[in-house]
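Colleague: Same order as they appear, the protein sequences are chains X and F. Once you know that position 720 of the first sequence is 720 in the UniProt record's numbering, the rest is easy, because the numbers rise by one and skip nothing. Once you know that position 576 of the second sequence is 576 in the UniProt record's numbering, the rest is easy, because the numbers rise by one and skip nothing. Note that CB positions come from ideal geometry on N, CA and C, so glycine has one too. Below are the structure tokens for one structure; questions will follow.
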Amino acid sequence: MGAPPSSQPFISPPPSSQPFMGPPSSRPFGGPPSSQPFGGPPSSQPFAGPRASQPFSVPPASQPFTGPLASQPFAGPPAAQPLSGLPASSQPFSGLPASQPFSGVPASQPFSGLPAPQPFSGVPASQPFSGLPASRPFSGLPASQPFSGLPASQPYMAPPTPFPGPPTSSSPFGTPSWQSPAQQGMPPMPGTTQAPPRMFGMPPHTPGQTMAPVPPVMGHSPLAGHQVSTQSKIDPNQIPRPVSSTSVPLFETRQGNQANIPPPATSDFIVKDNGNCSPRLMRCTMNQIPCTGDLLSTSSMPLALMVQPFALPHPSEEPIQVVDFGESGPLRCSRCKGYMNPFMRFVDQGRQFVCNLCGFTNETPRDYYCNLGPDGRRRDADERPELCRGTVEFVATKEYMVRDPMPAVFFFVIDVSMNAIQTGATAAACTAINQALADLPEGPRTMVGIATFDSSIHFYNLKRASQQPLMLIVPDIQDVYTPLHTDLIVPLTECRQNLEQLLDGIPNMFENNRVAESAFGAAIKAAFLAMKPTGGKLLVFQSVLPSVGIGSLFSREAEGRTNVSSGDKEAHKLLQPGDKTLKTMAIEFAEYQVCVDIFLTTQTFVDIASISVVPRTTGGQVYYYYPFSVLSDPAKLYNDLRWNISRPQGFEAVMRIRCSQGLQVQEYSGNFCKRIPTDIDLPAIDCDKTIMVTFKHDDKFQEGSECAFQCALLYTTVYGQRRIRIINLSLPCTSMLSNLFRSADLDSQFTCFLKQAANGIPASPLSQVREQITNLCINILCSYRKFCATVSSSGQLILPEALKLLPLYTLALVKSIGLRNDGRLDDRSYWVSRSASLSIPMAFPLVYPRMISIHDLASKEDDGSLLSATIPLSSEHINDDGIYLLENGEDGLIYVGNMVNPDTVQRIFGVSSVDGIPTQLVLQHFDNDLSKKLNDVVDETRRQRCSYLRLRLCRKGDPSGLFFLSYMVEDKIPGGLSYVEFLVQVHRQIQTKMA
Amino acid sequence: MSEFLDLESQDGVRMTWNIFPGTKQDAVGCVIPTAAMYTPLKPIPNTPVLPYAPLRCRMCRSILNPFSIVDYIAKIWICPFCFQRNHFPPHYSSISEDNLPAELFPQYTTIEYESTPDTGPAVPPVFLFVVDTCMIEEEIGFLKSALAQAVELLPERSLVGLITFGTYVQVHELGFGQVPKSYVFKGSKEVTKEQILEQMCFFTRKPKPSVGVIAGSRDGLSAESIARFLLPASECEFVLDSLLEELQKDPWPVPADQRASRCTSTALSIAASLLGVCVPGSGARIMAFVGGPSTEGPGSIASKNLSEPIRSHKDLDKGSAPLYNKAVKFYEGLSKQLVHQGHVLDLFACALDQVGVAELKVAVERSGGIVVLAESFGHSVFKDSLRHIFQSSDYDLGLSFNGIFEVSCSKDVKVQGIIGPCASLDKKGPVCSETVIGQGNTSAWKMCGLDKKTSLCLVFDIARKDGPEAIGQPTSNQFYFQFLTYYQHNDGHMRLRATTLSRRWVAGPGSIQDLLAGFDQEAAAAVMARVVSFKMEMEADFDPIRWLDRSLIRLCSKFGDYQKESPSSFSLSPRLSIFPQFMFHLRRSQFVQVFNNSPDETAYYRMILNRENVANSVVMIQPSLISYSFHSVPEPALLDVTAIAADRILLLDSYFTVVVFHGASIAQWRNAGYQNQAEHQTFAQLLQAPRDDADAIIKERFPVPRLVICDQYGSQARFLLAKLNPSVTYNSDNPPPPGGDVIFTDDVSFQVFLDHLQRLAVQ
């Protein structure tokens, strides 16, 4: 990191290391080069106002984005700025009246200040869609172009050509096309950026600079003079809050043979893969690996990887290269079977290579032999992607197949029980499928099937040339079977008409259905049996509690309510699956490569805790539309479905993480099925799914050595090619705690907490989970306080710069739907199931949603960064004359105060009074600036989140208004602390521990 | 003989002994059981149909009949069975000797009552087709066209349903307008009626009654939900046609070394349950079209592995047919269900291989179903038989439903049981004998399906003991019988046919001549055939040849004229003279010599035998042979190999097969085309005559017999030779006359048989 390009920065204790060793002097580690970039050494005063940014204003390379970029808001100087007045060291909140440092700059300023817009300026945000008004796509469901327009989808649909080609070809998913939307679309994510922007703001090439920015000890802010009582001294406006930036920096994964610390996951950046993978694909909770397990446990931080193997790349990034080793298959270490990667060391003139994972010395195969250059690298290293890129794909040979690669099979199963019909859910599902057919991968290998069910299961024989489909009913829902051997799953090209006609007809066919029962378990089992020979995706549209047949459930919610009085102790059991049958079934599904996605369009309790087991085990996911509204939900349903089938994805995948000797995988967590300890089976894997892998030490590392992680994902593309995606990450090892804290990755750590909390919810009482999460946070901070921070005053709350937002997010997590006491069972279960596979960028909005004001949109500059002007989640910032949009990646709440200017209401909603706004909100387009901008904002958000926001109107004074306010996590609520109070509590507990 | 035929034409009854042996011992001594062959629905011209309900004896429930003693003054009638005195009800008040109601007319011993309108409207008959699809395309094609034709011929108002099966069972919901829809059941699993009720959503709109659900509209099943599966023929013709049109071979793959997976039993069970749910107690037929052995489900008869052959008689004898008993047990269960519901199972088994008729027999026979066995669905035996069922013509089968048959007898006569297409209703009564044969131990039987020719064989037991009390009442040496048949006439209304008979009994020494005078040889042969078939099926280690021989010998010993130990003195009265010949042919027939046939064929022959009347039974036992030649008009010929001559045409009617056999010369002439020449018109006529007669036989017979046209020395000639008395064999001393034939067999000829009989009878 910090060191100059020379290769072994850390090995000998170079001078640079010193700084860390001692209790940090206030000065960061002034390793020589380091200071430079920031020019101003620590002393450089808190940010000198807006101008401060300039110094950083990086050189030409970054230009387009550059500028003021990230840093601007706070313009601040190095690290801790928001908090700290001073650069590196502790001062920030401390002694001085907290307010001071900032005083110059009112919080709001930062935003106002700079021209964030520039970077994008070239391309107006809306452009990508330029063809059509950006807004259109989302508007009505039916519109053929759901999200944003075509471009997004196209890439994937694009004919297979890119793939077939040998290595040369570009990334599998045809990034390019994704680009367009992304480009403009990706302005920084506001809500989340926590880290000091400059870090990545740095121009990549300035050598040596890199390290500098991060002072070992981040601003420790004097939170409290002394005891708790000090609350009054805390200025709520100056406590750490996420900051957004609008710049798009270029991030080189390695420089000078050193791993670079990645930019925040929620921000926008372009990755240049120099040997380590893009942080989007794989990201570690700490960017330096502790040499020993003791060091790790001292830090209290988790050691885990967040692996999102199909994460969408930035459009400007180089696509992942495909390498074909011919018949021999990819080159692997003969002992640990690790795949060839840039960190394998060639020795003995290149005749042998040493595995970076297990240390074994392998013979280089003759046809892979190449001379070494003077620097010890192979001369062809830069020509061979597997030797110079962190991420490559190998073409799999026969050895990697137990059968021919499976076709892309999509089987739709639709609930047609009385409730589903009457609520319009069936019709919505049919319409959605009908339209989404166009987005299925083209080609003869795309197969479809369809079934409906109530208390029996109805299959349809689609292969009847020019005849009506034949309906075949399986009435036995205890012992199900497929009614036909063939013809239930048919190539789309052969049955499109039939299928469309059938989908049109289904709602009518069951119009008078009086069967209220639902045989969900039996239906998926039967559909599975039909898919058994091939595997594939099973998309289930379910509307009521499964009440009959295999895996039927009963309404535990009622039971739960009556038991509440008997104590909360057992309440969490209702969040565990009620029945083992579904789990057993799901394991069988996974074995035959069937992935189940469930769309719950319901108005009642459906026991997500039990149902979600199936998608979780099979690599699928749950979509939840509650309470289902035929007015506002079909659009989301359609867009979700469309994205589901058109996003980058792979089938029949197996994934394994290998790591250097010294570490071993402790656990995998996410949506998959695990049958053997080392591998996880993923019937399907897509760009939205993240898998968390935790590690533990089984040996020591040498200081200065590197620890490598390699994720190998064997999968089949939607076009039927078998591939192995190899994702490598090599990180330096350190024996210094301060290094750990400096290189800590808040994004990954917080996501890790989120997933741990989600895992804990069904297992233990809520209060306990909350306590655990709070303790995780406290322990880390306490460790930092104890071993790394200069003790200037015991009254100071000192936060490591990298983790300064940890308390805020911890608080938000504790107050999130999953951990709140008052949530519905299903809401909580859904939260749990969603968290299990959630990616880092989506984890933040889930707990700390993004809120922006919309009544004043028109007055804001249309600079592509409308979304960046986020408002802290505190009711102080909500005015009665304002309208606000709060968005958590899935739902959008529009809050309307009771004093809003009727004209504004008219312009946005097309009605004259607040009371006239329909509760089931469908955002309209009106011919005025405000409405346009609002639609732009919403579309932009949709694009960013790859999700169609389900909008809901919240009115002050209504229950819906209270619902909105429940998202104000910084507020004090009954049984929950305000942000300031929480900081105080954290501080106090640290003090207690220290004592 | 003719007097017996007269009696038959009046009442549809033929009895082995028309003068009864008066005591138990006498009866035993008579060897041939005292039995009656009764054809309940035999069309009897001039039988009145009374539009009112019958008068019943308040003691024994028998019906007022011409044998009742009526006191016109007191308006009282005395029941001839129990001697109970019954008052006439008020509407009979005008009765007098000159003003008799029809049921008291002496000639109306058989009479019908038709239900009055208040018993409900006419019920339409129900036809549920159960169609096998595990066949080669060609067979499916044949079957499709046959079914399509049948659908056209269905009575307009009858209800129709369709089930197809192969690996799975598909119940087609004909009433679902929007797309073709069917319920699919797994073939390997039994489905109960309760499951049908639940799984096919019969009670979705109403709560299911918690107790005692038999279903049907009485239990609250809406007409609507029944109409999903059973539709009036007139309404569903189009749907049915298009479904049949699309009927395809079962799509599940069949490995080359395996039999198709065919779940006949499950399909039938589902069909039965469906009818049980929809129309219990109302006339309905399951018509099963099966094209191969069942290999799946509880009634499977063969394993899927082709290397294991389908069971033969030998396997059954040795007990090495493991599936057989299980299957039979299953079908016994099914037959109980069908009988309980009053539904019929018809079986059309068309395959070169066996399909399991032997196992299915119990269900078909107990429910009174029709059975047709043919080699192919393209064969005329099947096609014409199916058409015959629906085509109303002179030979209309008069299919009727839902019959109940009851017997009343004088107190000294008991009923051992009935051998025939019916099922015991387990109604115990004084009329039940302790000895049981066939469906016994009851005084009432269910006949779910019956037609004009259905004939029952009732076996009686004479309970009267020889003793002093017998002398006490010499006046009443009459036995009375009353047969009551309730049934759903094919016009949809319920009817009751009552046949009341009286027979004299004789007892004691000197009664032999009387007995002999009343002996009906043909009826006796028919009864013996049924009894021996029954015993062969029911009694392990039963030796039919020995049993028949001993019976014949004892009969001859008792009734023959001879001097002891002098075979040459032996002679038989004309009343008995042809009986030995019947027995000779019965011993050689397919009923006894089963080893030439598959178990399916045997079962088939016996099922037909058990439902046919005396005349047809006799044809089965001893086929009729007619000879056509230039020398004489067509004349009956002896069923003997000597009947064969080069210049003759023989017409053999063995009931199941009709053979036209051309002598060698005739064949040559025919091959030379003489019949086409004007000057040889007589030859053309000669050729045509047996064909016309054969056609006449075929036309009236059901199932349609197989027509074999063959030439002397041709391979097909075996159909004739097998039936002939082998009086001339390859090792006979006397060679056949020129143009005659020999039979290659070691079987004894009739002459040898008779010689032995005489020798043994006189011992």
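Report the CB separation of Phe605 of chain X from Ser555 of chain X in whole angstroms; it is logged as a contact under 8 Å.
Modeller: In the first sequence, residue 605 of chain X corresponds to position 605, counting from 1. In the first sequence, residue 555 of chain X corresponds to position 555, counting from 1. Right, the Cβ-Cβ distance comes to about 6 Å (below 8 Å), so this counts as a contact.
Colleague: Please classify Asn512 of chain X as buried or exposed, where buried requires at least 16 other C-beta atoms within 10 Å of its C-beta.
Modeller: The sequence position of residue 512 of chain X within the first sequence is 512, counting from 1. Classification of Asn512 of chain X: exposed, given that the 10 Å Cβ count is below 16.
Colleague: Whole angstroms is fine: what's the gap from Tyr339 of chain X's alpha carbon to Cys659 of chain X's?
Modeller: Mapped onto the first sequence, residue 339 of chain X falls at position 339. Mapped onto the first sequence, residue 659 of chain X falls at position 659. Cα to Cα, the separation comes out at about 11 Å.
Colleague: Given this structure, state the Cα-to-Cα distance separating residue 767 of chain F from Lys193 of chain F, to the nearest angstrom.
Modeller: This structure cannot speak to residue 767 of chain F, because chain F is shown only from 1 to 763.
Colleague: Between the region 222-255 of chain F and chain X, which residues of the former have a C-beta closer than 8 Å to a C-beta of the latter?
Modeller: Those would be Glu246, Pro251, Trp252 and Pro253, in chain order.
Colleague: Across which residues does DSSP place Pro673 of chain X in a beta bridge pair?
Modeller: The residue you call residue 673 of chain X lines up with position 673 of the first sequence. Checking the displayed sequence, the identity of residue 673 of chain X turns out to be Cys instead of Pro. Partner(s): X:Asp681.
Colleague: Considering only C-alpha positions, which residue in the set F:Val31, F:Phe176, F:Ser234 and F:Ser9 is nearest to Met528 of chain F?
Modeller: Taking the first residue of the second sequence as position 1, residue 528 of chain F is located at position 528. Here the closest residue by C-alpha is F:Val31.
Colleague: Determine, using beta carbons only, whether Leu921 of chain X comes closer than 8 Å to chain F.
Modeller: Within the first sequence, numbered from 1, the residue matching residue 921 of chain X stands at position 921. No, because no Cβ of chain F sits closer than 8 Å to the Cβ of Leu921 of chain X.
Colleague: Check whether chain F comes within 8 Å of Gln468 of chain X, counting only Cβ atoms and requiring the distance to be less than that.
Modeller: Counting from one through the first sequence, the residue named residue 468 of chain X turns up at place 468. Yes, contact with chain F.
Colleague: Counting only the same chain and skipping the five closest in sequence on each side, list residues whose C-beta sits under 6 Å from that of Asn371 of chain X.
Modeller: Position 371 of the first sequence, counted from the start, is the residue given in the question as residue 371 of chain X. So the list reads Gly350 and Arg379, once near-sequence residues are dropped.
Colleague: Applying the 10 Å Cβ sphere with the 16-neighbour rule, what's the burial state of Arg311 of chain F?
Modeller: In the second sequence, the residue the question calls residue 311 of chain F occupies position 311. By the 10 Å Cβ count, Arg311 of chain F comes out buried.
Colleague: In angstroms with no decimal places, state the Cα-to-Cα distance between Tyr605 of chain F and Leu5 of chain F.
Modeller: Here residue 605 of chain F refers to the residue found at position 605 of the second sequence. Here residue 5 of chain F refers to the residue found at position 5 of the second sequence. Whole-angstrom Cα-Cα distance: 25 Å.
Colleague: Between Val564 of chain X and Leu825 of chain X, what straight-line distance do the alpha-carbon atoms span, to the nearest angstrom?
Modeller: Within the first sequence, residue 564 of chain X is the residue found at index 564, counting from 1. Within the first sequence, residue 825 of chain X is the residue found at index 825, counting from 1. Its pLDDT being 47, under 50, Val564 of chain X is placed unreliably in this model, and the value from its coordinates should be taken loosely. For Val564 of chain X and Leu825 of chain X, the distance between alpha carbons rounds to 12 Å.
Colleague: Could you check the C-alpha separation between residue 996 of chain X and Leu306 of chain F for me, to the nearest Å?
Modeller: The question about residue 996 of chain X has no answer here: the residues shown for chain X are numbered 1 through 995.
Colleague: Could you tell me if Phe628 of chain X is buried or exposed, where buried requires 16 or more neighbouring beta carbons within 10 angstroms of its beta carbon?
Modeller: Translated into the one-based positions of the first sequence, residue 628 of chain X becomes position 628. Classification of Phe628 of chain X: buried, given that the 10 Å Cβ count is 16 or more.
Colleague: Output the boundary residues of the alpha helix (DSSP H) element that contains Ser385 of chain F.
Modeller: As a working mapping, residue 385 of chain F is identified with position 385 in the second sequence. Note, Ser385 of chain F: alpha helix (DSSP H), Ser380 to Phe390.
Colleague: Comparing C-alpha positions only, which one of F:Gly449, F:Leu450, F:Trp547 and F:Ser145 sits nearest to Glu246 of chain F?
Modeller: Start at 1 with the first residue of the second sequence, and residue 246 of chain F comes out as number 246. Selected option, being the one with the closest Cα: F:Ser145.
Colleague: For Leu352 of chain F, count neighbouring C-beta atoms within 10 Å of its own C-beta (all shown protein chains included) and say buried if the count is 16 or more, exposed if not.
Modeller: Here the question's residue 352 of chain F lines up with position 352 in the second sequence. Leu352 of chain F should be labelled exposed.
Colleague: Report yes or no: is there a C-beta of chain F within less than 8 Å of the C-beta of Leu518 of chain X?
Modeller: Counted from its first residue, the first sequence places residue 518 of chain X at position 518. Just to set this straight, residue 518 of chain X is Ser in the shown sequence, not Leu. With 8 Å as the cut-off, Ser518 of chain X does not count as an interface residue toward chain F.
Colleague: Suppose you measure from the CA of Arg675 of chain X to the CA of Asp633 of chain X; what does that come to, to the nearest Å?
Modeller: What you label residue 675 of chain X is simply residue 675 of the first sequence in a count that begins at 1. What you label residue 633 of chain X is simply residue 633 of the first sequence in a count that begins at 1. About 37 Å.
Colleague: Answer with yes or no whether the minimum CB distance from Ser273 of chain F to chain X is below 8 Å.
Modeller: For the purposes of this step, residue 273 of chain F is taken as the residue at position 273 of the second sequence. No, Ser273 of chain F does not count as interfacial toward chain X.
Colleague: If you measure between the beta carbons of Val480 of chain X and Leu529 of chain X, is that distance less than 8 Å?
Modeller: Locating residue 480 of chain X in the first sequence gives position 480, where the first residue counts as 1. Locating residue 529 of chain X in the first sequence gives position 529, where the first residue counts as 1. Cβ atoms of Val480 of chain X and Leu529 of chain X: closer than 8 Å.
Colleague: What's the gap between the Cα of Ser518 of chain X and the Cα of Ile990 of chain X?
Modeller: Locating residue 518 of chain X in the first sequence gives position 518, counting from the first residue. Locating residue 990 of chain X in the first sequence gives position 990, counting from the first residue. Taking the straight line from one Cα to the other gives about 53 Å.
Colleague: Between Ser455 of chain X and chain F, is any beta-carbon pair separated by less than 8 Å?
Modeller: Residue 455 of chain X sits at position 455 when you count from the first residue of the first sequence. For Ser455 of chain X, the answer is yes, since a Cβ of chain F falls inside 8 Å of its Cβ.
Colleague: Can you confirm whether the region 659-673 of chain X touches the region 811-830 of chain X when touching is taken to mean that 3 or more C-beta pairs between the two stretches lie within less than 8 Å?
Modeller: The answer is no - the region 659-673 of chain X does not touch the region 811-830 of chain X, with fewer than three Cβ pairs under 8 Å.
Colleague: Which chain X residues sit within Cβ distance under 7 Å of Val184 of chain F?
Modeller: The count along the second sequence starts at 1 and reaches residue 184 of chain F at position 184. Result: Leu472, Ile473, Val474 and Pro483.
Colleague: What does a CB cutoff of less than 8 Å around Phe176 of chain F pick up in its chain, not counting 5 residues either side in sequence?
Modeller: Numbered from 1 along the second sequence, position 176 holds the residue referred to as residue 176 of chain F. Around Phe176 of chain F: Arg228.
Colleague: Report the option in F:Arg648, F:Val371 and F:Pro544 whose CA atom is closest to the CA atom of residue 773 of chain F.
Modeller: Any answer about residue 773 of chain F is impossible in this case: the structure gives chain F only from 1 up to 763.
Colleague: Does any C-beta atom of chain X lie closer than 8 Å to the C-beta of Gln258 of chain F?
Modeller: The residue labelled residue 258 of chain F in the question sits at position 258 within the second sequence. Not one chain X Cβ lies under 8 Å of Gln258 of chain F.
Colleague: If Asn631 of chain X sits next to Val922 of chain X, beta carbons under 8 Å apart, how far is it from one beta carbon to the other, in whole angstroms?
Modeller: If you number the first sequence from 1, residue 631 of chain X lands on position 631. If you number the first sequence from 1, residue 922 of chain X lands on position 922. Note that residue 631 of chain X is Leu in the sequence shown, not Asn. Contact flag correct, Cβ pair sits at about 6 Å.
Colleague: Check whether the Cβ atoms of Asp451 of chain F and Leu397 of chain F lie closer than 8 Å to each other.
Modeller: Here the question's residue 451 of chain F lines up with position 451 in the second sequence. Here the question's residue 397 of chain F lines up with position 397 in the second sequence. For Asp451 of chain F and Leu397 of chain F, yes; Cβs fall inside 8 Å.
Colleague: Quick one: list the residues of chain F neighbouring Asp479 of chain X, beta-carbon separation under 8 Å, in chain order.
Modeller: On the first sequence, position 479 is the one that residue 479 of chain X refers to. Lys186 and Lys189, listed in chain order.
Colleague: For Val619 of chain F, would you say it is in contact with chain X, using Cβ-to-Cβ distances shorter than 8 Å as the test?
Modeller: Translated into positions along the second sequence, residue 619 of chain F becomes position 619. No, Val619 of chain F lies away from the interface with chain X (no Cβ there is under 8 Å from its Cβ).
Colleague: Could you tell me which chain X residues have their CB closer than 8 Å to the CB of Lys535 of chain F, listed as they occur along the chain?
Modeller: Here residue 535 of chain F is taken as the residue at index 535 of the second sequence, counted from 1. Result: empty, since nearest Cβ-Cβ is about 43 Å, beyond 8 Å.
Colleague: Leaving out five residues before and five after Val769 of chain X in sequence, what residues of the same chain have Cβ atoms less than 7 Å from its Cβ?
Modeller: What you label residue 769 of chain X is simply residue 769 of the first sequence in a count that begins at 1. Around Val769 of chain X: Ala757, Gly760, Ile761 and Leu819.
Colleague: Identify the contact partners of Met509 of chain X in chain F, using a Cβ-Cβ distance below 8 Å as the criterion.
Modeller: Along the first sequence, read from residue 1 onward, the residue named residue 509 of chain X stands at position 509. Gln178 and Val179, listed in chain order.
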